[in-house]
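Asker: When we follow this note's numbering, the leftmost residue of the sequence shown carries the number 6, and every step to the right adds one. Where a beta carbon is used, it is the ideal one built from N, C-alpha and C, also for glycine.
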Amino acid sequence: MARNKLIIANWKMNFDMHQSSIFLHKLSTKIGIYNNIDIILSPSIFTLQSLSLQVNHNQFKLAAQNFYWRDQGAFTGEVAISQLRGIVQYALVGHSERRNIFHESDKDIRAKVAAAIRNDIRPILCIGETSDERNHGETSLVLNDQLVGGLANVSSEDIEKVVIAYEPVWAIGSGDNADPEQVQKAVKMIRTQVKHLYGEKVAKNIQVVYGGSVQPESAVDYMAVPGVDGLLVGGASLNLEKFEQIVQKIDNKVNK
Ligand code: PEP
């Protein structure tokens with residue numbers, strides 16, 4: 006069965022409550038409901054609950070940008086993924102900004118992946134090399150380490166609930182986007198590594214998306230890369246026209 010395409014909008018730490026609500030309203034009037042494409046919005050955590058009441062769930066799914074992996078307890082300031090059940094269907098895990106700015110380790114990341122699955126929320130596991138690692142020929146090694154580290158607690162029954170996001174760190178927010186051949190090689194490495202861990206069928210079925218400075222002009226080229234099932238869009242997802250164009254172009258490619 007063909008895998009659904011995913012377009013994930015990471016709003017990061019942008020938009021207050023009012024702005025998020027207006028943006029969602031405008032977006033919902035500009036784009037439709039598409040066959041074979043899931044559009045996933047990842048707004049700031051404090052807006053999630055009210056956006057989940059506003060959103061047409063046939064049109065958009067919601068994702069958490071972050072959460073703590075324990076289900077409850079004395080963890081001042083944290084939000085458990087169990088508290089987000091019924092609000093989000095997905096959660097980003099291991100985004101390079103979490104790894105690099107907030108020093109999340111592979112141990113934290115694997116606990117988060119497991120917590121999301123335990124709570125019936127699909128983790129979007131972000132992995133990717135820095136420019137130094139790429140220049141030293143370490144891309145495959147880094148992707149392998151992050152995959153093995155992030156997936157260590159995931160059983161073969163659950164693995165297809167995980168979405169892998171290939172996000173080269175040097176391409177995020179930099180405008181220095183990867184070229185499609187680089188993405189193709191990296192996605193091939195990822196699927197080969199998944200094959201070693203979970204077998205051929207999983208390697209074929211698991212959804213892998215690309216993220217890093219995606220723009221309307223580059224979206225279709227990335228979607229044409231074999232093995233790429235979608236896009237994770239940061240900066241361009243904050244611009245109504247750009248995000249609408251990305252969605253329309255992918256719809257044209259996938260459904261027309
Ligand atoms: C991201 O935040 O994951 C991302 C890909 O951002 P940008 O599109 O701005 O590079």
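Verify whether the separation of the beta carbon atoms of K254 and A229 is less than 8 Å.
Answerer: no
Asker: Does the structure place the stretch 170–181 close enough to the stretch 210–219 that three or more beta carbon pairs sit under 8 Å?
Answerer: yes
Asker: So, are the CB atoms of N19 and L236 less than 8 Å apart?
Answerer: With a cutoff of 8 Å on beta-carbon distance, N19 and L236 are scored as not near each other.
Asker: Whole alpha helix (DSSP H) runs in the stretch 155–221 with 4 or more residues, listed along the chain?
Answerer: 185–203 and 205–210
Asker: Report yes if the CB atom of L11 is closer than 8 Å to the CB atom of D234, and no otherwise.
Answerer: L11 is a Cβ neighbour of D234, given a cutoff of 8 Å.
Asker: For a quick check, are the C-beta atoms of A96 and A68 less than 8 Å apart?
Answerer: yes
Asker: What is the C-beta distance between G99 and I132, in whole angstroms, given that I count them as a contact (C-beta under 8 Å)?
Answerer: 7 Å
Asker: Check whether the Cβ atoms of V273 and I164 lie closer than 8 Å to each other.
Answerer: No information on residue 273 is available, as it lies outside the stretch 6 to 261 that the chain covers here.
Asker: Ends of the alpha helix (DSSP H) at L58?
Answerer: For L58, the enclosing alpha helix (DSSP H) has its first and last residue at L53 to Q59.
Asker: Just to confirm before moving on: does the CB-CB distance between I126 and R90 stay below 8 Å?
Answerer: For the 8 Å CB-CB criterion, I126 and R90 form a contact.
Asker: Buried or exposed, going by whether 16 or more other CB atoms sit within 10 Å of the CB of P128?
Answerer: buried
Asker: For L53, I'd like the list of residues in its chain whose CB is within less than 8 Å of its CB, leaving aside the five on either flank, ordered along the chain.
Answerer: For L53, same chain residues with a beta-carbon under 8 Å away, outside a window of 5 residues either side, are L67, A69, L89, I92 and V93 in chain order.
Asker: What runs of the beta strand (DSSP E), each 3 residues or longer, lie entirely inside the stretch 19–96?
Answerer: 42–47 and 66–69
Asker: How about A191 and V159: do their beta carbons lie closer than 8 Å?
Answerer: no
Asker: For my contact list, E134 and L148 are in at a C-beta cut-off of 8 Å; report their separation, rounded to the angstrom.
Answerer: With a contact defined as Cβ atoms closer than 8 Å, E134 and L148 qualify at about 7 Å.
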